Amino acid sequence: MNIITYRTALSLVSIVALTLILAATTAGLAGAATPIKEVLSTRVGWEVNPASKGDICQVEAGTECSPGAENSQAGGFAYATGVAVDEDAGSPLHGDFYITDTGNQRVQEFSATGQFVAMFGWEVNKTKVNEGANASQAEKNVCSAESHDECQAGVEGPAPGQFSRPESIAIDPSTGNVFVQDYNNWRVQEFTPTGEFVLMLGKDVNKTTGLNLCTEHEVQVEGVKCRAGEAAGQDSSEPSAFNFEGTGNLLTVAGAEHLLYIGDEQRIQKFKANGAPAGEIPLTAISPEPGVITALAVNETGDAYLVYRLNGSGTNTIHELASDGTLLKNIEPPNELAIGAGSGEVRIEALALNQNEQLAIGGVQIFSARGGPGEERRRFGKVLDGTTGRFISEFAAASTEGIAFGEGNVLAAVAQLSVGNGMELLLYKPVLIGELAALPVVCAAGAAAGSDAVFDCALNGQVDPAGVSETQAWYEWGPYGVLGTATAKQLVAVAGPIAAVVSVEPNETFSYRLAGYDHEVQAPSDPFTSETLSFKTPLVAPVLVGQPSASFLSSSTAVLFSEVNPEHSNTRYEFQYGACENLESCPSAVTLPSLESGVYGGIGATEAATGLQPGTLYHFRLLADNQQEVAGRQEGGIATGPQSTFMTAPAVLPHALTGAVSAIGVTTATVAGTVYPEGRASAYTVELGVYAGAATQYGVVFSGSTAIGFAPLEVSQVLSGLQPGSTYAYRFKIAGQSSLTTGTFTTEGLPAILVPPAPLAQLAVPSITFPTTASDSQGKPGAKSKKKGESKQRKARKAKQRKSKPIRAGRRRS
1425 MNIITYRTAL SLVSIVALTL ILAATTAGLA GAATPIKEVL STRVGWEVNP
1475 ASKGDICQVE AGTECSPGAE NSQAGGFAYA TGVAVDEDAG SPLHGDFYIT
1525 DTGNQRVQEF SATGQFVAMF GWEVNKTKVN EGANASQAEK NVCSAESHDE
1575 CQAGVEGPAP GQFSRPESIA IDPSTGNVFV QDYNNWRVQE FTPTGEFVLM
1625 LGKDVNKTTG LNLCTEHEVQ VEGVKCRAGE AAGQDSSEPS AFNFEGTGNL
1675 LTVAGAEHLL YIGDEQRIQK FKANGAPAGE IPLTAISPEP GVITALAVNE
1725 TGDAYLVYRL NGSGTNTIHE LASDGTLLKN IEPPNELAIG AGSGEVRIEA
1775 LALNQNEQLA IGGVQIFSAR GGPGEERRRF GKVLDGTTGR FISEFAAAST
1825 EGIAFGEGNV LAAVAQLSVG NGMELLLYKP VLIGELAALP VVCAAGAAAG
1875 SDAVFDCALN GQVDPAGVSE TQAWYEWGPY GVLGTATAKQ LVAVAGPIAA
1925 VVSVEPNETF SYRLAGYDHE VQAPSDPFTS ETLSFKTPLV APVLVGQPSA
1975 SFLSSSTAVL FSEVNPEHSN TRYEFQYGAC ENLESCPSAV TLPSLESGVY
2025 GGIGATEAAT GLQPGTLYHF RLLADNQQEV AGRQEGGIAT GPQSTFMTAP
2075 AVLPHALTGA VSAIGVTTAT VAGTVYPEGR ASAYTVELGV YAGAATQYGV
2125 VFSGSTAIGF APLEVSQVLS GLQPGSTYAY RFKIAGQSSL TTGTFTTEGL
2175 PAILVPPAPL AQLAVPSITF PTTASDSQGK PGAKSKKKGE SKQRKARKAK
2225 QRKSKPIRAG RRRS
């Protein structure tokens, strides 16, 4: 089977499938084409099917899919950015998708069902490259599934047919030729449907002639050389010269003449099939300031829909311009992302237009993540009525940098779904849906829940099943941007109104929309919906709850308490008191500083009143105010609470309290105390005496006085000239009054006068009885026996001495 036959077979399969999908249409609520919802059916990318490790995953079959991984083999992507569909019913490639595989420097072609068909780019055919001179450069630059050759990433460069960051892509439905924005080479190249180079447009791309057009015919017949283009100067009006700054889908072929439209800086250039300039659409009607086109689509009459970003900021405005540059209208798609009011920067990155003048838009909203630093990105996809700008439906989207409608409103998008530039092609199928239209809300005061004010708001809308059976509809609603609550589902058989009443808080902005299922769309996580609208409930006056009370009373202070419900609006509340029965006309009334809160529900209000007169009856109450001007009218109000009374305690006499002692030395110490003047000028003394219990005699060592007031006076006094090792008593007292408290301390060291200690007691001598004999009766007991003992000892010593003397030789007794 050759490549043409192979592609034809795939296309016939897709045509049959699409014929089954597209049923008869009925008029919608606005009289336009029946609304459709694009339902994700297939994901194409490297190993998106975790079970088979294949490059196709059928979402609609319930298969668990994985994000595509970056890969250079056939069917894999490295940051794909643009997609276009061959819509020519007479073409053998009818329904095929062409993808700019930017990181791999090539263009890949897939069938309508997602099978890889072919690719082209510099030396993408690895098998032919390995053959060297035996293969032509044209053979090396194309690789198809039918050939069974091994494919690879393209080689970056400036030669004809070579790419340096291919971005946007478009197909001429009359010829099937493919146009590719060659971003870094500042040119647009044209190829046949099978990938052969045709021509290029760009400043000085013809190296031989210096012209802004270089064709394959010139190369083959005249021997000219093509090269990379040069950037046009800012605000350039030179035809076929480009100053690319934006990325996304900036190329499209449209209109009866099948002109090529190229989004450039501050203009849209138009070209004929042979590359000749055909004029331009100026953008000055949008803004005289320079900007960047980030998305482009053109209808059959030559009107252009585009997104034009000024000063590098994001925008969600779609402009429609006539072929002469006249601004026809601006479309502001609703912000339906659940991120809260006024958050984030919206960037529409891609546009696609179908034969029913329905716009598919893809974009991203960037905002600071909740609860901390950092940036979060949320992707969105929507279908709008291009004629009225009315919201039709939304579709699940990842990073939609390029989207395109195919035959039968089939939508294709390229998407970055994983970290590391893991890329996918997303294929959607259109399904007819009932039409939902949300209408303005009517709110009325409901029954209060205690002190909480409540509004009963009727959500209104219209449902047209459009002949689709089993249509159900309900409302999704919640605080602005958070559609977390749903009303009961209602089965709808014929077109008519649908309403639901919800009870909500005052001074709150709510979002709401209609949502629906039918026999085509039944996924709980992805119903079809109406446009999201919002409404704000009015402010109501704060509510003061119960009778106020006072506690912790003294002769000069009181703590006041009451309860207030701010009713979910910023409310200022304050206590007012005075020694008058009628506070409205009390000249001495005092208002305490305001407190603020904006909660919904009762909270306690507590403030301290000081500087009061002793023994006085006071009246007091709580006041609250949340009145403000909203849209030229006054909302909220002022609340005055009931009066209560309290009596201050009798006057308290000045008094002093003795404090602690510190820095005790041999002859010094520091004593402290506190004097309470209680509103009077008072004299006080510091007194000291040698401690003798109740008989201690005190002397004044310091005296002072306080000013009139209630602030306690901390007093510290250094004592010197004290006796070492002595115990002292001290006290602080108000002159003429008894001391309330006293303290004692003992200095260090020995006392100056030493007192000798008492003598120790003599030890008692025990009475001892000695033994006696009979012979002791005439003399002292034991005397005789003692002498007798001593005599025996002397005799023994003498005997020993005699025995030890030597006998002298020669001496004899005569």
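When you line the sequence shown up against the working numbering, it's residues 1425 to 2238, in that order. The beta carbon of each residue, even a glycine, is placed where N, CA and C say it ideally should be. The structure presented is a predicted model; accordingly, all values stated were derived computationally and were not measured.
Practice item. Compare the beta carbon distance of Gly1870 and Ser1927 with 8 Å and say whether it is the shorter of the two. Key: Within the sequence shown, numbered from 1, the residue matching residue 1870 stands at position 446. Within the sequence shown, numbered from 1, the residue matching residue 1927 stands at position 503. Note that the C-beta distance between Gly1870 and Ser1927 is below 8 Å.
Practice item. May I ask whether a heavy atom of the ligand ADP can be found less than 7 Å away from the beta carbon of Tyr2152? Key: Among the components modelled here there is no ligand, and therefore nothing to report on the ligand ADP.
Check your understanding: Taking C-alpha atoms, which residue in Glu2005, Gly2061, Ser1496 and Gly2083 lies nearest to Gln2067?
Key -> As a first step, residue 2067 must be located in the sequence shown, where it is residue number 643. The shortest C-alpha to C-alpha distance from Gln2067 to any of Glu2005, Gly2061, Ser1496 and Gly2083 is the one to Glu2005.
Exercise for review: Check whether the Cβ atoms of Ala1862 and Leu1808 sit closer than 8 Å, and answer yes or no.
Suggested key: Position 438 of the sequence shown, counting from 1, holds the residue named residue 1862. Position 384 of the sequence shown, counting from 1, holds the residue named residue 1808. No, the Cβ-Cβ distance between Ala1862 and Leu1808 is not below 8 Å.
Exercise for review: Can you give me the Cβ contacts of Ala1678 inside the same chain, cut-off strictly under 6 Å, excluding the 5 residues immediately before and after it?
Suggested key: As a first step, residue 1678 must be located in the sequence shown, where it is residue number 254. Cβ within range, chain order: Val1722.
Check your understanding: By DSSP, does Gly1832 sit in helix, in strand, or in coil?
Key -> By one-based count along the sequence shown, residue 1832 stands at place 408. Assignment of Gly1832 by DSSP, reduced to helix, strand and coil, places it in the helix class.
Practice item. Could you tell me which of Ala1774, Val2095, Thr2072 and Lys1564 sits nearest to Ala1837, measuring between CA atoms? Key: Translated into positions along the sequence shown, residue 1837 becomes position 413. The shortest Cα separation from Ala1837 among Ala1774, Val2095, Thr2072 and Lys1564 belongs to Ala1774.
Point to revise | Cβ-Cβ distance between Leu1730 and Ala1746 below 8 Å | key: Stepping through the sequence shown from its first residue, residue 1730 is reached at position 306. Stepping through the sequence shown from its first residue, residue 1746 is reached at position 322. No, the pair does not count as a contact, with Cβ atoms beyond the cut-off.
Check your understanding: Using the beta-carbon count (16 or more within 10 Å), is Asp1888 buried or exposed?
Key -> The count along the sequence shown starts at 1 and reaches residue 1888 at position 464. When all chains shown are included, Asp1888 counts as buried.
Check your understanding: Hey, how far is the Cα of Pro1582 from the Cα of Arg1651?
Key -> Here residue 1582 corresponds to residue number 158 of the sequence shown, with the count starting at 1. Here residue 1651 corresponds to residue number 227 of the sequence shown, with the count starting at 1. Taking C-alpha positions only, Pro1582 is separated from Arg1651 by approximately 6 Å.
Practice item. Measure from the alpha carbon of Gly1585 to the alpha carbon of each residue in Ala1569, Glu1620 and Glu1769, then state which is nearest. Key: Stepping through the sequence shown from its first residue, residue 1585 is reached at position 161. Looking at the Cα atoms, Glu1620 is the closest of the given residues.
Exercise for review: Could you say which of Asn1554, Val1602 and Glu1756 lies nearest to Ile1772 if we only look at CA atoms?
Suggested key: For the purposes of this step, residue 1772 is taken as the residue at position 348 of the sequence shown. Per the Cα distances, Glu1756.
Check your understanding: To the nearest whole angstrom, what separates the beta carbons of Ala1536 and Gln1782, a pair I think is in contact under 8 Å?
Key -> Counted from its first residue, the sequence shown places residue 1536 at position 112. Counted from its first residue, the sequence shown places residue 1782 at position 358. Not quite, the Cβ-Cβ distance comes to about 20 Å (not below 8 Å), so this is no contact.
Check your understanding: How many Å lie between Gln1529 and Thr1632 at the Cα?
Key -> Start at 1 with the first residue of the sequence shown, and residue 1529 comes out as number 105. Start at 1 with the first residue of the sequence shown, and residue 1632 comes out as number 208. In a straight line, the C-alpha of Gln1529 is about 26 Å away from that of Thr1632.
Check your understanding: Whose CA, out of Ala2032, Glu1574, Gly2065 and Ser2086, lies closest to the CA of Glu2008?
Key -> Translated into positions along the sequence shown, residue 2008 becomes position 584. Sorting Ala2032, Glu1574, Gly2065 and Ser2086 by C-alpha distance to the C-alpha of Glu2008 places Gly2065 at the top.
Review point. Taking the Cβ atom as the reference point for each residue, do Glu1533 and Ala1542 lie within a distance shorter than 8 Å?
Key: Working through the sequence shown from its first residue, we reach residue 1533 at position 109. Working through the sequence shown from its first residue, we reach residue 1542 at position 118. Yes, these two residues count as a Cβ contact at 8 Å.
Check your understanding: In angstroms, rounded to a whole number, what distance separates the CA positions of Thr1443 and Gly1832?
Key -> Indexing the sequence shown from 1 puts residue 1443 at position 19. Indexing the sequence shown from 1 puts residue 1832 at position 408. Any reading at Thr1443 must be qualified, since the residue scores a pLDDT of 25, below 50, and its modelled position is unreliable; the value itself is stated next. The alpha-carbon atoms of Thr1443 and Gly1832 are separated by roughly 8 Å.
Review point. Buried or exposed: where does Thr1639 fall if 16 or more other Cβ atoms within 10 Å of its Cβ makes it buried?
Key: Within the sequence shown, the letter at position 215 stands for residue 1639. Buried, since its Cβ has 16 or more Cβ neighbours within 10 Å.
Review point. Would Leu2036 pass as a contact of Phe1999 if the rule is Cβ separation under 8 Å?
Key: By one-based count along the sequence shown, residue 2036 stands at place 612. By one-based count along the sequence shown, residue 1999 stands at place 575. Using a Cβ distance threshold of 8 Å, Leu2036 and Phe1999 do not count as a contacting pair.
Point to revise | Where the alpha helix (DSSP H) containing Asn1554 begins and where it ends | key: Taking the sequence shown and counting its residues from 1, the one referred to as residue 1554 is at position 130. Asn1554 -> alpha helix (DSSP H) spans Lys1550 to Glu1555.
Check your understanding: How many Å lie between Leu1860 and Glu1944 at the Cα?
Key -> On the sequence shown, position 436 is the one that residue 1860 refers to. On the sequence shown, position 520 is the one that residue 1944 refers to. About 15 Å.
Practice item. May I ask you to list the residues that DSSP assigns as paired with Pro2066? Key: Translated into the one-based positions of the sequence shown, residue 2066 becomes position 642. Pro2066 pairs with nothing; no bridge assigned.
**Study point:** Assigned secondary structure, His1743 (DSSP; H/G/I helix, E/B strand, else coil)
**Key:** If you number the sequence shown from 1, residue 1743 lands on position 319. Of the three classes helix, strand and coil, the one that applies to His1743 here is strand, per DSSP.
Check your understanding: Taking all protein chains shown into account, do 16 or more other C-beta atoms lie within 10 angstroms of the C-beta of Gly1766, making it buried, or fewer, making it exposed?
Key -> Your numbering for residue 1766 matches position 342 in the sequence shown. Caution is warranted here: a pLDDT of 46 is assigned to Gly1766, below 50, making its placement in the model unreliable, and no coordinate value can be reported.
Review point. Helix, strand or coil: how does DSSP classify Val1918 here?
Key: For this step, residue 1918 is matched to residue 494 along the sequence shown. In this structure, DSSP gives Val1918 a state outside helix and strand, which the three-state scheme calls coil.
Exercise for review: Determine the contact status of Ile1523 and Gly1499, defining contact as a CB-CB distance below 8 Å.
Suggested key: As a working note, residue 1523 is residue 99 in the sequence shown. As a working note, residue 1499 is residue 75 in the sequence shown. No, the Cβ-Cβ distance between Ile1523 and Gly1499 is not below 8 Å.
Check your understanding: So, Ala1709 versus Leu1683, is the Cβ gap smaller than 8 Å?
Key -> To locate residue 1709, count along the sequence shown from 1; it is residue 285. To locate residue 1683, count along the sequence shown from 1; it is residue 259. 8 Å or more divides the Cβ of Ala1709 from the Cβ of Leu1683.
Exercise for review: Pick out whichever of Glu1769, Gly1726 and Leu1734 has its Cα sitting closest to the Cα of Leu1752.
Suggested key: The residue given as residue 1752 occupies position 328 in the sequence shown. It is Gly1726.
Check your understanding: How about Glu2020 and Thr1995: are their beta carbons less than 8 Å apart?
Key -> Mapped onto the sequence shown, residue 2020 falls at position 596. Mapped onto the sequence shown, residue 1995 falls at position 571. Closer than 8 Å, so yes.
**Study point:** Alpha carbon of Gly1519 to alpha carbon of Ser1571, nearest angstrom
**Key:** Reading the sequence shown from its first residue, position 95 is the one you call residue 1519. Reading the sequence shown from its first residue, position 147 is the one you call residue 1571. Distance between the alpha carbons of Gly1519 and Ser1571 is about 21 Å.
**Study point:** Rounded C-alpha distance that separates Ala1394 from Ala1700
**Key:** Here the chain comprises residues numbered 1425 to 2238, so residue 1394 is not present and cannot be evaluated.
Review point. Which residue's Cα is closest to the Cα of Tyr2108: Thr2092, Ser2127 and Gly1634?
Key: In the sequence shown, the residue the question calls residue 2108 occupies position 684. Comparing Cα-Cα distances from Tyr2108 to each of Thr2092, Ser2127 and Gly1634, the minimum goes to Ser2127.
Practice item. Indicate the three-state DSSP secondary structure (helix, strand or coil) for Ile1428 in the structure shown. Key: Translated into the one-based positions of the sequence shown, residue 1428 becomes position 4. At Ile1428, the pLDDT of 29 sits below 50, so the modelled position is not reliable; the number obtained from the coordinates is stated separately. Ile1428 carries a helical assignment under DSSP once its states are collapsed to helix, strand and coil.
Point to revise | Length of the line joining the Cα atoms of Val2023 and Ser1875 | key: Here residue 2023 refers to the residue found at position 599 when the sequence shown is read from its first residue. Here residue 1875 refers to the residue found at position 451 when the sequence shown is read from its first residue. So the alpha carbons of these two residues sit roughly 12 Å apart.
Review point. Taking buried to mean at least 16 other C-beta atoms within 10 Å of its own C-beta, is Asp1479 buried or exposed?
Key: Translated into positions along the sequence shown, residue 1479 becomes position 55. So Asp1479 counts as buried.
Review point. What does Phe1621 pair with, by DSSP beta-bridge criteria?
Key: As a first step, residue 1621 must be located in the sequence shown, where it is residue number 197. Phe1621 pairs with Phe1615.
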